[in-house]
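Novice:
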Amino acid sequence: MTKIAITADLHFCAANLADIKKGWNEMIDHLITNNTYDLLIAGDLFETYNIARREASFGTIYDTLAEPLRRYLQKGGQVLAIPGNHDIAGPNQKDALVSLEEYMKIVREPKGLYLNNTTGKIYVHFLPWLYNATKSPDE
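Residue numbers (our numbering): 178 to 316.
(1) My understanding is that Ala182 touches Leu216, with C-beta atoms under 8 Å, so please give their C-beta distance in whole angstroms.
(2) Is the region 268-286 in contact with the region 253-260, if contact means three or more CB pairs nearer than 8 Å?
(3) From the DSSP secondary-structure annotation, give me the bridge partner or partners of Gly289.
(4) Beta carbon of Asp264, beta carbon of Leu274: below 7 Å?
(5) Considering only C-alpha positions, which residue in the set Gly289, Gly254, Lys298 and Trp306 is nearest to Thr210?
(6) Would you kindly check if the distance between the Cβ of Asp240 and the Cβ of Asp186 is under 7 Å?
(7) Helix, strand or coil: how does DSSP classify Asp196 here?
(8) Determine the direct distance from the alpha carbon of Ala192 to that of Thr184, and round the result to whole angstroms.
(9) Nearest-angstrom Cα distance between Gly289 and Leu304?
(10) Between the C-alpha atoms of Lys298 and Thr179, what's the straight-line distance to the nearest angstrom?
(11) Do you know offhand how far Asp206's Cα is from Asp196's?
(12) So which of Ala266, Ile218, Tyr280 and Gly236 has the shortest CA-CA distance to Pro245?
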């Protein structure tokens with residue numbers, strides 16, 4: 178049986194970080210315990226796209242998100258994410274997910290991808306939020 182987990186609107190930020198950390202760790206633990214090795218994140222990982230400049234505790238927020246992802250990847254998990262409206266910067270600017278590219282594949286434009294898992298290939302078509310609104314007029 179193929180198992181795929183889908184989540185969205187995590188909104189990592191400094192406010193209530195202890196609760197966010199607890200919930201995120203429980204989610205990753207649940208995936209590992211239940212042998213669910215494909216995680217799709219449908220946007221809004223962060224509360225704001227320029228979290229590094231707005232949040233004095235960005236390092237803490239990043240570590241809260243990254244440490245459980247490391248565990249998940251070590252167990253064979255794969256993570257694919259699309260930016261949500263809270264993650265997207267303006268034209269020609271980097272989105273908030275850039276710092277997480279070592280842990281997940283970020284899909285920034287509409288496209289289909291295969292999830293490779295133990296039971297075969299599953300085709301998923303990704304449609305990031307307002308893809309054209311994030312492009313510069315020259316693109």
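Glycine included, each C-beta is placed from N, C-alpha and C at the ideal position.
Specialist: Reading it off the structure:
(1) 5 Å
(2) Segments in contact, yes.
(3) In DSSP, Gly289 forms a bridge with His302.
(4) yes
(5) Gly254
(6) no
(7) helix
(8) Going by C-alpha positions, Thr184 is about 20 Å away from Ala192.
(9) 9 Å
(10) Linking Lys298 to Thr179 through their CA atoms gives a straight-line distance of about 10 Å.
(11) One C-alpha to the other measures close to 15 Å.
(12) Comparing Cα-Cα distances from Pro245 to each of Ala266, Ile218, Tyr280 and Gly236, the minimum goes to Tyr280.
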